[in-house]
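Okay, structure first, notes after.
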Amino acid sequence: MQRRTFVKVIGLSAFAISSTGFKLIEENGLIKTDCATSTDMLGPFFRKNAPRRHDLTYAGNDKEIPLKVIGQVFGADCKTPLKNVEIDVWHCDHKQHYDMESDEYRCRGKIMTNENGEYWFKTFVPPPYAGRPKHIHYLIHEFDGYQELATQLYFKGDKKIKPNNWIKYRWDEKRILEIYKNAEDLSEVKLDLYLTPI
Ligand SMILES: [Fe+2]
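Using my numbering, you'd call the opening residue of the sequence shown number 106 and step up by one each time.
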């Protein structure tokens, strides 16, 4: 009986290691991957209709650490970049406040990936609030053939990140990012996103 079950499972799924090192898993004719970016809470502070922009800074945030965030968005095979993906990003301001009302849409923006699936924005390292680690929210709401992705970016070395708290799974660790200096001597982090096919 056990053997029979085993044979059945093998018949339905297979996997291969892609050139990026991720596993491609085929199950019931659907491709799943283990590169897919893990999800995180959307949280109560998402706002629709944020303006398209690459700069989330404003007069008054000058005491915070300036930060550039870059990355690429990839598809089901873990290596094909996806262009024209719309990404919402948002975080709290330097006073730990989320702008839910003003026309300024402070610390919020929509960004599109370019021909190479790349995105970038300028901001600052947000302060922690309400016991949570410092974080930046992401939402890819709709992109053809892929599931919605709500996730968050964290910072390496943040003492508020605790095991079995905000970070639960192996992939979650890939969203805890080291801040490095880029070629222009600016603090930068890189978060690549891997979407899950429908
Ligand atoms: Fe938040």
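Even glycine gets a Cβ: it sits at the ideal position worked out from N, Cα and C.
Distance cut-off 7 Å: residue i Cβ against heavy atoms of ligand 1
{"i": "G148", "result": "yes"}
{"i": "H202", "result": "no"}
{"i": "H199", "result": "no"}
{"i": "H159", "result": "no"}
{"i": "H246", "result": "no"}
Straight-line gap, residue i to residue j (C-alpha atoms, nearest Å)
{"i": "P238", "j": "L300", "result": "24 Å"}
{"i": "K227", "j": "Y243", "result": "14 Å"}
{"i": "G180", "j": "I241", "result": "22 Å"}
{"i": "L172", "j": "Y210", "result": "19 Å"}
{"i": "T256", "j": "A164", "result": "28 Å"}
{"i": "S143", "j": "I192", "result": "16 Å"}
{"i": "Q177", "j": "V190", "result": "10 Å"}
{"i": "D309", "j": "C212", "result": "In the structure displayed, the chain extends from 106 to 303; residue 309 sits before or after that span and is not available."}
{"i": "I170", "j": "T162", "result": "11 Å"}
{"i": "G236", "j": "F150", "result": "16 Å"}
Spatial neighbours of residue i in its chain, beta-carbon cut-off 8 Å, leaving aside the 5 residues before and after
{"i": "E253", "result": "L244, I245, H246, E247"}
{"i": "D290", "result": "none"}
Residue i: first and last residue of the uninterrupted beta strand (DSSP E) it sits in
{"i": "K295", "result": "292 to 295"}
{"i": "V178", "result": "171 to 179"}
{"i": "L300", "result": "Taken as a continuous stretch (DSSP letters only), L300 belongs to no beta strand (DSSP E), as it is neither H nor E."}
{"i": "A288", "result": "That residue, A288, is in no beta strand (DSSP E); it is neither H nor E in DSSP."}
Contacts around residue i, its chain only, beta-carbon distance under 6 Å, and the 5 residues preceding and following it disregarded
{"i": "V294", "result": "V174, L282, I284"}
{"i": "R158", "result": "G214"}
7 Å CB neighbourhood of residue i in its chain, flanking five on each side removed
{"i": "K287", "result": "Lys is not the amino acid found at residue 287; the sequence shown has Asn there. The answer, listed in chain order, is K173, E293."}
Beta-carbon gap between residue i and residue j smaller than 8 Å
{"i": "P156", "j": "C197", "result": "no"}
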